[in-house]
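Data first, discussion second: the structure below is written as structure tokens.
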Ligand code: ADP
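In the numbering used here, the protein residues as written are 10 to 614.
This is the structure:
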């Protein structure tokens, strides 16, 4: 373990592993295939990057994200780690050159896109390479149930066989247990260890409120917003029209600043609203699921769902936008039994009909050049919604009507194949399977809404995270059973009652104080607000410090001899020197980041 830690420090400059990293590398060192499911940003890439350095030979990384490859390779180069990528963004001469270098064993890591596995010259070259680890990134792309399905991922099993079944690690941020099973089955890794971790968000309390009528919903919304004195709220509606009406209600009746956001607004309005929200000028946003990707506002105190979303993944991803600063936040779902109908409508309407697939095929056939196609071109040519176009393309590809040769700068290289009646039939069958799958996902969402048991446990189980479902303020069901009451989120904005915890004895020197501050933050498992760290180090007895058990932090009160101002400056110095990073506006981290799986089904685009 010490060896691993020092390798981590030596190559990457980090002094501790994040949850799941050391465990996975341990499995790999013992030669065990491993499936890793951890949220985006939680440090999955580091797993195969470090493993690559500990194993002999070459690590081959398969990733569909060509743009990210370049970033990763450059990042590794800066750390002196020999890595390269081979993909369609390079000239043929450059590709051939890198292939020769790979054969010579010049590179510890080689990144490729899955379509590279189709290239005969690449497969031949691979035969001469000692591949000691195969890393399959975004492994959920092998699953036909997602919008991210990449038929080329299905070639990986063959490639593994040609390489005599190398040690393999498959990684994804978004795989419910069924998809996990599909990944290990289709990659041929039945005995793979599974490391699934990091999905708990202890500072978010989960609640569901039955609200059958519009009046009930608006009353619940008003009550929730009354509690919101500081920070922001995101209200998710199922329909664009609801986003507009609810925003108008919040402004008109509740007299609060609010704006609506959905995919039907023009690009300029969308980016203005988004910018105002991120900059902290707009406290309340009422939006469809078009809102949220890449939104980095750390002080969202409330995420309220005005209607049930289509999948639990989508719900958790959206709810997870609350409380990125680590302070208490609330995820409240308003549930009316008839909300199911809206989602069923989406299921029936967001997959293309056969007639629409024909339109799409015809539009592709009319294009002179299919080597650089933007989704928006196809949307404009067919007047079919973008989501449907995306699903249609994946299904045509799965049915062999279309080849997807790669992506570059957001444009796709496609090649159309000749169609026969059977292929079209296959598309129709795939559409039916997809709908059936979506209905099952919706059932799970409804089961969550109607559940009487711990909601946090349900969410973690849904992702296969067996870790403890601990949280100071867990969920309405736990509170009802008398366990862990729900705390008002307003506590988060209560002024710190800076009562000192007088501690006799040793007074830390400045150097010690800096170490104590870092250790204190490390002992907190989530990104945490600067003001909160000051409270903990200073030994504040503020209500929420105690409620969230920060007084159990081993470094609680250890800097009680310093004023909060001095502690704050000390933290600023640590940030300036790069020992800490600031996420969002105020949250400090040795971070545990939080975005969840893709949950892309039915996105308003
Ligand atoms: P993922 O692949 O899960 O999206 P990354 O591997 O890109 O996440 O990691 C996200 C960020 O976290 C990167 O900036 C990375 O350097 C950093 N990181 C990863 N592991 C650690 C660690 N053990 N300690 C500190 N930072 C880490």
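C-beta atoms are modelled at their ideal positions from N, C-alpha and C, and glycine is treated no differently.
Note that the structure is a prediction, hence the values are computed from the model and not measured.
Confirm, please, whether the CB-CB distance from residue j to residue i is below 8 Å.
i           : j           : result
residue 231 : residue 180 : no
residue 327 : residue 312 : yes
residue 404 : residue 439 : yes
residue 420 : residue 390 : no
residue 282 : residue 293 : no
residue 247 : residue 447 : no
residue 335 : residue 537 : yes
residue 298 : residue 245 : yes
residue 359 : residue 305 : no
residue 123 : residue 94  : no
residue 201 : residue 193 : yes
residue 414 : residue 422 : yes
residue 331 : residue 340 : yes
residue 49  : residue 182 : yes
residue 37  : residue 178 : yes
residue 249 : residue 356 : no
residue 571 : residue 523 : no
How is the alpha helix (DSSP H) around residue i delimited, first residue to last?
i           : result
residue 277 : 276 to 287
residue 243 : Residue 243 -> not in any alpha helix (DSSP H); beta strand (DSSP E) instead, spanning 241 to 245.
residue 302 : Here residue 302 belongs to no alpha helix (DSSP H), and DSSP marks it neither H nor E.
residue 547 : 539 to 547
residue 575 : 573 to 585
residue 165 : 165 to 171
residue 47  : Note, residue 47: premise wrong, no alpha helix (DSSP H); not H, not E.
Considering only residues of the same chain and omitting the five flanking positions on each side of residue i, which have a CB-CB separation below 7 Å?
i           : result
residue 26  : 17
residue 513 : Annotation note: pLDDT 48 at residue 513 (below 50); position unreliable, coordinate value reported separately. So no residue of the chain qualifies.
residue 461 : 486
residue 352 : 317, 319, 451
residue 499 : Note on residue 499: pLDDT 44, under 50, position unreliable in the model; no value is reported.
residue 503 : The pLDDT assigned to residue 503 is 34, lower than 50, so where the model puts this residue is not dependable; a value taken from the coordinates is nonetheless given after this. 551, 552, 553.
residue 24  : 18
residue 160 : 406, 407
Leaving out five residues before and five after residue i in sequence, what residues of the same chain have Cβ atoms less than 8 Å from its Cβ?
i           : result
residue 277 : none
residue 170 : 197
residue 562 : 529, 532, 533, 545
residue 525 : 517, 546, 564, 567, 568
residue 15  : none
residue 265 : 234, 259, 292, 293
In the DSSP assignment, find the unbroken beta strand (DSSP E) run with residue i in it and report its ends.
i           : result
residue 268 : 267 to 270
residue 217 : 213 to 219
residue 141 : 140 to 145
residue 559 : Premise fails: residue 559 is in no beta strand (DSSP E) and is neither H nor E.
residue 119 : 118 to 121
residue 70  : 67 to 71
residue 94  : 92 to 95
residue 1   : Here the chain comprises residues numbered 10 to 614, so residue 1 is not present and cannot be evaluated.
residue 204 : 202 to 205
residue 379 : Here residue 379 belongs to no beta strand (DSSP E), and DSSP marks it neither H nor E.
residue 294 : 293 to 296
residue 454 : Segment 430 to 459 is the alpha helix (DSSP H) holding residue 454; no beta strand (DSSP E) there.
residue 321 : From DSSP, residue 321 is part of no beta strand (DSSP E) but of the alpha helix (DSSP H) over 321 to 328.
residue 333 : Run containing residue 333: none; DSSP gives neither H nor E here.
residue 343 : 338 to 344
residue 424 : 420 to 425
residue 126 : Where residue 126 is concerned, there is no enclosing beta strand (DSSP E), given that its DSSP letter is neither H nor E.
residue 526 : Careful: residue 526 lies outside any beta strand (DSSP E), inside the alpha helix (DSSP H) at 519 to 531.
residue 177 : 177 to 181
Can you tell me the Cβ-Cβ gap for residue i and residue j, rounded? I've got them flagged as a contact below 8 Å.
i           : j           : result
residue 142 : residue 175 : 7 Å
residue 217 : residue 315 : Residue 217 to residue 315, Cβ: 13 Å. No contact.
residue 215 : residue 474 : With 8 Å as the limit, residue 215 and residue 474 do not qualify as a contact, their Cβ atoms being about 15 Å apart.
residue 476 : residue 469 : 7 Å
residue 132 : residue 20  : Contact flag wrong, Cβ pair sits at about 30 Å.
residue 64  : residue 92  : At roughly 14 Å, the Cβ-Cβ gap does not stay under 8 Å, so residue 64 and residue 92 are not in contact.
residue 3   : residue 296 : Any question about residue 3 goes unanswered here, given that the chain covers just 10 to 614.
residue 146 : residue 75  : That pair is no contact at about 12 Å.
residue 349 : residue 455 : 6 Å
residue 7   : residue 300 : The chain is shown from 10 up to 614; residue 7 falls before or after that span and cannot be answered.
residue 478 : residue 490 : Residue 478 to residue 490, Cβ: 14 Å. No contact.
Enumerate in chain order the residues of its own chain whose CB-to-CB distance from residue i is below 6 Å, with the five nearest sequence positions on each side excluded.
i           : result
residue 29  : 47, 204, 206
residue 586 : none
residue 459 : none
residue 140 : 67, 69, 172, 175
residue 152 : 188, 191
residue 369 : 391, 401
Using beta carbons (cut-off 8 Å, strictly below), is residue i in contact with chain C?
i           : result
residue 320 : No chain C appears in the structure shown, which is made up of a single protein chain.
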